[in-house]
Amino acid sequence: MPSHAAGTFEVKLLPQPLSSAEAGPLMGRLSINKTFSGDLQATSRGEMLSAGTAVKGSAGYVAMECVTGTLQGRSGSFVLQHSGTMNRGAPQLTVSVVPDSGTGELAGISGTLGIQMADGKHSYTMDYEISPQD
Numbered sequence: 000m001p002s003h004a005a006g007t008f009e010v011k012l013l014p015q016p017l018s019s020a021e022a023g024p025l026m027g028r029l030s031i032n033k034t035f036s037g038d039l040q041a042t043s044r045g046e047m048l049s050a051g052t053a054v055k056g057s058a059g060y061v062a063m064e065c066v067t068g069t070l071q072g073r074s075g076s077f078v079l080q081h082s083g084t085m086n087r088g089a090p091q092l093t094v095s096v097v098p099d100s101g102t103g104e105l106a107g108i109s110g111t112l113g114i115q116m117a118d119g120k121h122s123y124t125m126d127y128e129i130s131p132q133d
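Numbering-wise (numbering that gives the first Met the number 0), the sequence shown opens with residue 0 and increments by one.
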């Protein structure tokens, strides 16, 4: 049965060196540190790769982050995979739970996370299921 979670989070992004100096000035790498509140009481650590373009408002990013804590009373961890683009200012973002990445009471988790930003504050909504493990 699907479940729904919601809350807020704080994020700290820190620039990191790229593995190749030849990647170009429009490429970037950042570490991700988040603290989630609400139905998800957790922290996460991850990495993001980004690419800008010469066209204002167009860019892309991918990221992986490991979330550890409790989700509506169940403790464990899981990994989120991000894929985002901006097409001349129009955003598209998909954040999905990596299959079979759940541990502890979150083993068997699947789902998606939505991110919203308003007035400089971040919030999330998460639709998920936890299937019994074999």
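Virtual Cβ for every residue (Gly too), placed ideally from N, Cα, C.
Using a Cβ-Cβ cutoff of less than 7 Å, which residues in the same chain neighbour residue i once the five nearest sequence positions on both sides are dropped?
i, result
"GLN40", "GLY68, THR69"
"THR52", "LEU25, ALA58"
"ASN86", "SER57"
"PRO98", "SER109"
"LEU112", "LEU79, VAL94, TYR123, MET125"
Apart from the five residues on each side of it in sequence, which residues of its chain come closer than 6 Å, Cβ to Cβ, to residue i?
i, result
"GLU104", "ARG73, SER74, GLY75"
"VAL96", "PHE77, ILE108, SER109, GLY110"
"MET115", "The residue asked about is misnamed: residue 115 is Gln in this sequence, not Met. These residues qualify, in order along the chain: SER122."
"THR136", "This structure cannot speak to residue 136, because the chain is shown only from 0 to 133."
Assuming the contact rule is C-beta atoms closer than 8 Å, residue i and residue j should be a hit. Round their C-beta distance to whole Å, please.
i, j, result
"SER49", "GLY59", "7 Å"
"ALA106", "GLN71", "The pair is not a contact, with the Cβ atoms about 15 Å apart (cut-off 8 Å)."
If you draw a straight line from the alpha carbon of residue i to that of residue j, how long is it in whole angstroms?
i, j, result
"SER18", "MET0", "43 Å"
"LYS11", "GLU46", "11 Å"
"ILE129", "LEU79", "15 Å"
"ALA20", "MET26", "10 Å"
Which residues in the same chain have their Cβ closer than 8 Å to the Cβ of residue i, if we skip the five residues on either side of it in sequence?
i, result
"PHE35", "GLY6, THR7, PHE8, ALA41, THR42, SER43, VAL66, GLY68, TYR123"
Given a cut-off of 8 Å on the beta-carbon distance, is the pair residue i and residue j in contact?
i, j, result
"SER2", "GLN15", "no"
"GLN91", "THR84", "yes"
"SER82", "VAL54", "no"
"ALA89", "ASP38", "no"
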